[in-house]
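Enquirer:
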C-alpha cells in the first residue's frame, strides 16, 4: 500500500508526537521524540524495537494513560479527535474501548481473576453497546466470544482455568466488543510459544481484514519486539530506537529484499537465530541522557563525524543509510 | 555428566507433569530441550537443577546419585549448577542493586571476599555497564535485568548451566547477546548446557543436539 495512491484517510495520524517525563531534580527523560506515522483502515503497522525504547510509552500516550509527570507535544488524530489534548472524560467515554480496542500484553493479568469470562464479556457489552436485557446480553457476549474464536464451552471458566492462548482470545474478544476502528496490540505475543504466536498473530490479522462498520477494515497498531510475528502479519514496519522512529518501511521490502536501510534495523534483523545470530554491539543509550546527534552512532559501524549532528528527517533517520546498491554488493 | 533416569515429577499427588523421562547431558555438551508451553519441560529443568524433588527416578551427577534436593542438597552439588529463568523480574529480589544480585551466590557460600573481582570480570562478559550495576531491578529494562541474572548464574563458575526459556521475553539483539555470553563462558570453561525452550530455530542454532519433548515420552 503506497502512501501516495492511498485515498482513504488514515484511521490514526500521528505527527510530531513527543513524550517527556519530568523527574525529580529537574531531569527530563525523552521517552518518545517526534514520532510521525499513519495507520490506514485495513492496515497493520508493526512498531518494533528493543525493550525500553519507548514503544509502550507511545501506546500509553495514545490511550491517555501516561503518569502525571509526563508532558506530551505534537498531535495524534483519530477521526477528528486529538488524543493528546482530549480530556479524561472524553477519553473514558468515547475513546477507550470505543475508538481504540486494546489487546493487552499479558491477558491473564488483564482479566479479572474472580469472575468468569462470560460475566466480563457481558459487562463489557453492556458498557460499550446499547444492548440491554439479560438474554440479549448473553447472546451478544456469545457472539463476541465467537468473533475472537473463543470456544463457547469455556465461557463459564475463570481466567486461571484458561491456557495462555485462550486467555489471549478472551482479551481479544473484549477488545473487539466496542467495534473500534483502531486496534492497539501491546506485545500481544510475549511469552507464548511459536505455534501460539502464529495463531494469535493470524487472528489479529483476520480482525484487520474483516470489514468493520462502514465496510472498511480495522486498523491495527501492533507494538512488539517479536520480529517473526511482525513479519507474519504487518503491512508496514516502524522501527523505534531510543524514542525515535528511525525507519518506516514496507514490510515485504523490510523483511525480504532489499532489506532494511537503517543500520539499526539491519542489526536487529541480523540478530535473529535464522539469520546471522550476532547481537548489535553495546547497549541502547539512556533515555535521560541522549546524545545531540544520532543516538545509534555509538553502536554503529557506519558512523562518521557527520553522525554528531541530528539525522535528517524522512523515512530513514540516518546519515549513512544502506542503499539498494549496497545490498547487491 | 548429568543423567536423568526415568524421572517422574509433578506438584500434586497422582498427577505427575513429567512421566518416566530420561535425558543425558555429557560433559561440555549443549542439549536443547524443545517442547510447547505447558508440556512439563520447565519442571524437568527444575529437577535437573536440583530445584524440584522428583516423585521417582534417579538423577546422577558425575555418576553419583543425588539424594537430597533444594536447600538440603550438599553445597558442592548445588553450586555445580547455574540457572537462568524465563522471567527475570520474578527471579530477582527487587530490593537488591544488580551488584548484590550478582554477588548473592558468592556471599551465600561464604566467598564474599571474591565479590569485587568477580563483578569486575563478569560485568563486561554479560554487557553491563558500571552505572547499571548500582541500580535496583525496577530501574532497568527486562533485557538488562536478564543480563544480571545470567551473571548471577555464572558467578560460581558452574559446571552445568540450565537456561529455562532464557530469551523468551527478550528482543532479538539482547537474545543473541546473551546466547553469545553463554557460549563464550562454555568455550572458556567447558561447562555443559541444558537449554529449555519452544523456539526450534533458536535451539537448533544454539545447541549441539536438540531433543524434542515428544521423543522423550
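Chains as they are written, first to last, in the numbering used here: chain P, 871 to 1199; chain S, 104 to 320. Beta carbons are placed, not taken as given, at the ideal position from N, Cα and C, and that holds for glycine. Computed from a predicted model, the values in this text were never measured in an experiment.
#1: For residue 269 of chain S, would you say it is in contact with chain P, using Cβ-to-Cβ distances shorter than 8 Å as the test?
#2: Just curious, the alpha helix (DSSP H) that residue 222 of chain S is in, first and last residue?
#3: In chain P, which residues lie with their C-beta within 7 Å of the C-beta of residue 230 of chain S?
#4: In chain order, what residues of the same chain lie with their CB nearer than 6 Å to the CB of residue 944 of chain P, ignoring the 5 residues before and after it?
#5: As a quick exercise: from P/904, P/1078, P/891, pick the residue whose alpha carbon is nearest that of residue 1181 of chain P.
#6: Below 8 Å on C-beta distance, what does residue 846 of chain P contact in chain S?
#7: Answer with yes or no whether the minimum CB distance from residue 881 of chain P to chain S is below 8 Å.
#8: For residue 292 of chain S, is the beta carbon positioned less than 7 Å from some heavy atom of the ligand ZN?
#9: Consult DSSP for residue 891 of chain P and reduce its assignment to one of helix, strand or coil.
#10: Are the CB atoms of residue 1088 of chain P and residue 1053 of chain P nearer to each other than 8 Å?
#11: Shortest alpha-carbon distance to residue 912 of chain P belongs to which of P/1074, P/1124, P/1108, P/1112?
#12: Considering Cα atoms alone, identify which of S/238, S/300, S/261, S/125 is closest to residue 141 of chain S.
#13: Have a look at S/286, S/259, S/302 and flag the residue whose alpha-carbon is nearest the alpha-carbon of residue 272 of chain S.
#14: May I ask you to report which of helix, strand or coil DSSP gives residue 252 of chain S?
#15: Determine, using beta-carbon pairs with one atom in the segment 196 to 206 of chain S and one in the segment 139 to 153 of chain S, whether at least three such pairs fall under 8 Å.
#16: Apply the 10 Å Cβ neighbour rule to residue 242 of chain S and answer buried if 16 or more other Cβ atoms are within range, or exposed otherwise.
#17: Let's see if you can read the secondary structure: which residues bound the beta strand (DSSP E) around residue 313 of chain S?
#18: On the CB-based measure, 16 or more other CB atoms within 10 Å of its CB, does residue 908 of chain P come out buried or exposed?
#19: Would residue 1031 of chain P be called buried (16 or more neighbouring beta carbons within 10 Å of its own) or exposed?
#20: Rank P/928, P/1130, P/1109, P/973 by C-alpha distance to the C-alpha of residue 920 of chain P and give the top, closest one.
#21: Secondary structure at residue 1135 of chain P, three-state DSSP: helix, strand or coil?
#22: List the residues that DSSP assigns as beta-bridge partners of residue 1094 of chain P.
#23: Can you tell which of S/113, S/131, S/114, S/108 has its C-alpha closest to the C-alpha of residue 297 of chain S?
#24: For residue 221 of chain S, which residues in the same chain have their Cβ closer than 7 Å to its Cβ, ignoring the five residues on either side in sequence?
Expert: Quick answer:
#1: no
#2: 218 to 229
#3: 1153
#4: 885, 886, 887, 888
#5: P/904
#6: The structure shown does not extend to residue 846 of chain P, since chain P spans only 871 to 1199, so no value can be given for it.
#7: no
#8: The model depicted lacks the ligand ZN and carries no ligand whatsoever.
#9: strand
#10: yes
#11: P/1074
#12: S/300
#13: S/302
#14: helix
#15: no
#16: exposed
#17: 312 to 315
#18: buried
#19: exposed
#20: P/1109
#21: helix
#22: P/918
#23: S/131
#24: 209, 258
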